[in-house]
Structure formats: C-alpha cells, structure tokens
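Colleague: First, the structure itself, so that you have it in front of you.
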Amino acid sequence: MDSVTNTGHPEVARAAIAFTGGKDSVLALHLVSHQFRSTLPALSNTPLPATLNPVVLVLFSPPDSDFKAHKHEWVQLQSQALRIPLVTIHITGPNFEESYRHGIRQLATTHNVTKLVTGDIEDIGEGFMDRAVQETGVDLVRPLWKLPRTQVLRLLQSLNIIYVVTLTRLDKLPRPISERLIGHIVNEEYLLEQFKWYDENHESMDLVQTVDWAGEYGEMHSMVRDCPLFYCQVVHSKASICVTESQFGSYMYLSPGELQIVSKQ
C-alpha cells in the first residue's frame, strides 16, 4: 500500500532524472513531475506514467569526459534554472553495467529514490538500462518509450520546451544542412523545411524518411534553453561552429562561447 502524507494524499515516489540537458531528458522530467502535471491539460494519445517527485538530476559520465553535445557548464546552469540538484556519477570499465548499478545504488542510498527516469525512446543499448537497475531497489521509468517521433516533437512544442541543436553526425546530416541546424531553435516544422531544402538542392538522401527526427540514433543532439519548469532561461552567446573527428566518425558541434542565466521575458 502507498504511504500517505498528512494531507491524506498518497506520497509521491522520489525519483532521479537521468539528465543530459537535451530535449528528451527535459521532456521526460516534465511528463513525470507532480509539480508540472498538476497544471497540465490532458494530452491526447500520450499514456502518462504515475507522477513522481524529481529530487535529483543525475549525469552518468566517464571520468574527465568532454561531451561536445552536452557541455557540463550548460547542464549545471540548467540544474540551477530547475532548482533541482545535479550529481555526476562516473562510469568506468571494464564492467560498465556494474558501474551503472553501483551508481544507481548510491543514488538510492544518498537521495532515497525509488525511480530512475530516462528520456530513452528506443532500446539502443539492447536492454542495458533494464539490466543496470536490477538488484538496486530502483525502478526504471521511460515516459517516451516507443513514442512516434512526430508525437515527441509535438509534445515538445505544445509544452513550450525550447531547444537548440548542439551536435550532428555528418554522415547522416551533411555539412550544408548541419550548418542550418547547429545553434538553431528547431521544431517539427523547421526540421521538415530543412530536410526538404537539402534534398531539393543536393543529391537526395531522402532525409525525411532516413533520419530519426528525435535523433535517437545519434543523428543530432540538443540542449534546452527554456521550458515551463525553468525559473529562468539558459542562453548562449559568442558561439562558434566546429567540426571534430573521432573513431566513430565526423561531427559538427556548437561551441557555446558564453553561457548565462537570464530572466524570462
């Protein structure tokens, strides 16, 4: 039986949010947050999980990592804007699954959480996170699981979650279109317009059909600059666009320059 608070309502379970600052983790946070859901009108065709109490944001990261798509300073400012503390859990090998499991147990002990919320849409890791939470006492919650991409994009727009593209894979999104995406605020309409522009003016890659519009397979990554749960905006200035090569391929990314918190207009 659920425990009951002194107000007579069932106690809301405490949750950690797996958080990169990108659109999917921020959307997942909104869809489970009891604070936000109390103000949320019914969402047609979107099954919603039970409301939770997000008490901590968690960034799972290798030691000394430098995520080009999700700058740590940016994530820290988002944490301030949300007024939810951020913790970083370092993941090390060779047993990455056990490293995650140790970190999740640590969250349960330190923050008394029983749920871990992720923005996963597809099983990219072939059941990795399902295995990682085993024997931790923490349940996995995935509000976006298997949602059609157009539905994800329309949820982002209807909830006024504003995000910019911060990194693209150049084999999936060649330089001409990546230059039109990096650093830009995007939505479903803008993506469709740019995909069509590329295919009409270059050798067609049929981007509308071949690109995952939510970037679930690494085509593009994002960072959120404003959303209903932010008490202020996180904005960048003096940004530059860079290209990097790695063992995994070529990427274009946003170097955000200066990052700051500003009041909402």
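Start counting at 1 in the sequence shown, then tack on 120, and there's your number in this note's numbering. Using N, Cα and C, we set each Cβ at its ideal position, and we do this for glycine too.
1. Name the residue from Leu279, Gln254, Asp259 whose alpha carbon lies nearest to the alpha carbon of Leu147.
2. Have a look at Ser370 and Pro263 and give me their C-alpha separation to the nearest angstrom.
3. Using the Cβ count rule (16 or more neighbours within 10 Å means buried), how would you classify Ser383?
4. Roughly how many angstroms separate the alpha carbons of Thr286 and Ser199, rounded to a whole number?
5. Where do the N-terminal and C-terminal ends of the alpha helix (DSSP H) with Phe180 fall, by residue?
6. Measure from the alpha carbon of Ser366 to the alpha carbon of each residue in Asp240, Glu336, Lys188, then state which is nearest.
7. Return the CA-CA distance between Ser181 and Thr159, expressed in angstroms with no decimal places.
8. Going by other Cβ atoms of all chains shown within 10 Å of its Cβ, with 16 needed for buried, is Ile361 buried or exposed?
9. Quick one, are the C-beta atoms of Leu293 and Met340 less than 8 Å apart?
10. Is Ile244 buried or exposed, if buried means 16 or more other CB atoms sit within 10 Å of its CB?
11. With distances taken Cα to Cα, identify the nearest neighbour of Ile209 among Ala201, Ile224, Asp259.
12. Helix, strand or coil for His341? Go by DSSP, reduced to three states.
13. Is the region 129-143 close to the region 224-242, with three or more CB pairs under 8 Å?
14. In chain order, what residues of the same chain lie with their CB nearer than 8 Å to the CB of Gly377, ignoring the 5 residues before and after it?
15. Do you know how far the Cα of Ser219 is from the Cα of Glu255?
16. Put Trp265 into one of helix, strand or coil per three-state DSSP.
17. Identify every residue that forms a DSSP beta bridge with Ala135.
18. Taking 8 Å as the limit between beta carbons, can you name the residues of its chain near His304, skipping five residues before and five after?
19. Report buried or exposed for Leu327, applying the criterion of at least 16 other Cβ atoms within 10 angstroms of its Cβ.
20. Please classify Asp184 as buried or exposed, where buried requires at least 16 neighbouring CB atoms within 10 angstroms.
21. When the Cα of Thr166 is compared with those of Gly335, Leu267, Gln226, Glu131, which residue comes out closest?
22. Short of 7 Å in beta carbon distance, which residues of its chain neighbour Ser375, apart from the five on each side in sequence? Order them along the chain.
23. Who are the near neighbours of Val253 in its chain, counting only those whose CB is closer than 8 Å to its CB and skipping five residues on each side?
24. Quick one: using the 10 Å Cβ neighbour count with 16 as the cut-off for buried, is Phe248 buried or exposed?
25. His322 and Pro296 - do their beta-carbons sit closer together than 8 Å?
26. Taking the C-alpha atoms as reference points, what is the distance between Phe315 and Gln385?
Modeller: Walking through what the data contain:
1. Leu279
2. 31 Å
3. exposed
4. 18 Å
5. That residue, Phe180, is in no alpha helix (DSSP H); its beta strand (DSSP E) goes 173-181.
6. Lys188
7. 33 Å
8. exposed
9. yes
10. exposed
11. Ile224
12. strand
13. yes
14. His356, Ser357, Lys358, Ala359, Ser360
15. 13 Å
16. coil
17. Pro174, Lys235
18. Val284, Val285, Tyr310
19. buried
20. exposed
21. Leu267
22. Ala359, Ser360, Cys362
23. Arg221, Ile224, Leu236, Asp259, Leu260
24. exposed
25. yes
26. 31 Å
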